[in-house]
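Engineer: Residue numbers for the sequence shown follow numbering that gives the first Met the number 0, so the first one is 0 and each next one is one higher.
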Amino acid sequence: MRILLTQLIALAVLFSPVNSSSDKVLISEVEFANGLYKFDDRLITGEIIDYYENETLKFRYRVLEGRLHGLATEFFSNGSVKSERNYTFSKLFGSFKEYYENGDIKVQFQVGLNAYGSGEKVTNLEVASGSKHKLKSKEDAVIYFIDSQDKTLETSENISILSQSKYKLMNKKGKTIFEN
């Protein structure tokens with residue numbers, strides 16, 4: 000019996016992941032290189048988080064084996080949700096919602112396949128307008144992430160999530176429909 004128990008404990012230790020799914024790592028301790036998020040030279044599995052100075056959660060990004068995977072949520076300094084987006088192995092994919100500080104939806108859409116060249120295809124696009132923030136349907140578009148010099152970046156799986164806060168949605172004719 001003692002041998003069996005010892006073997007079970009050894010197996011449990013052997014097959015336990017180095018990073019458990021409950022690991023939380025501050026963004027300041029994370030290295031992003033070659034499309035992968037690492038902490039202490041190991042791929043992260045868990046959550047990458049950060050806080051405002053008032054100790055309110057600023058964001059929570061779920062990561063699996065070094066890649067964004069699952070829901071990524073950003074918050075305003077008052078704690079209300081600022082944005083929710085989904086990733087599948089670092090690829091922005093699925094539902095994307097951005098909110099006003101009062102909780103009204105600012106923009107929402109579905110992200111699909113990569114567009115040719117750069118960006119990702121966007122469908123079911125709705126953008127808030129007017130003082131009542133009424134959602135209006137817009138034509139399909141492509142989302143482009145842009146840097147501080149307004150240069151278009153690569154697709155989502157090739158850039159850090161910290162470089163994905165500024166973006167624009169453009170229609171087939173190249174007209175900007177929405178910009179953040």
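Ideal Cβ placement from N, Cα and C applies to all residues, glycine included.
Which residues in the same chain as R84 place their Cβ atom closer than 7 Å to its Cβ, once the five residues preceding and following it in sequence are excluded?
Structural biologist: Here residue 84 is taken as the residue at index 85 of the sequence shown, counted from 1. Within the same chain, R84 has close Cβ partners A71, L91 and F95.
Engineer: Report the start-end ranges of each beta strand (DSSP E) in the segment 88-118 that is 3 residues or longer and not cut off at the edges.
Structural biologist: 90-98 and 104-113
Engineer: Looking at V106: is its Cβ nearer than 9 Å to the Cβ of F177?
Structural biologist: Taking the first residue of the sequence shown as 1, we reach residue 106 at position 107. Taking the first residue of the sequence shown as 1, we reach residue 177 at position 178. Taking C-beta atoms as the reference points, V106 and F177 count as a pair closer than 9 Å.
Engineer: Nearest CA to the CA of F31: which residue from K150, Y166 and N157?
Structural biologist: The residue given as residue 31 occupies position 32 in the sequence shown. The shortest Cα separation from F31 among K150, Y166 and N157 belongs to N157.
Engineer: Quick one: Cα of R61 to Cα of T87, how far?
Structural biologist: By one-based count along the sequence shown, residue 61 stands at place 62. By one-based count along the sequence shown, residue 87 stands at place 88. Whole-angstrom Cα-Cα distance: 10 Å.
Engineer: In the structure shown, what three-state DSSP assignment does E156 receive?
Structural biologist: As a position in the sequence shown, residue 156 is number 157, starting the count at 1. Helix, per DSSP.
Engineer: Go through its chain and collect everything with a Cβ distance to S19's Cβ below 8 Å, but skip five positions before and after it.
Structural biologist: Here residue 19 corresponds to residue number 20 of the sequence shown, with the count starting at 1. Unreliable placement is indicated for S19, whose pLDDT of 41 sits below 50; no coordinate value is reported for it.
Engineer: Strictly under 9 Å for the Cβ-Cβ distance: is S82 near chain B by that measure?
Structural biologist: Checking the listed chains, one finds no chain B in this structure; it contains a single protein chain.
Engineer: For the segment 45-74, which segments carrying the beta strand (DSSP E) assignment without a break, of at least 3 residues, lie completely within its bounds, in sequence order?
Structural biologist: Here the runs fully enclosed are 45-50, 56-63 and 66-74.
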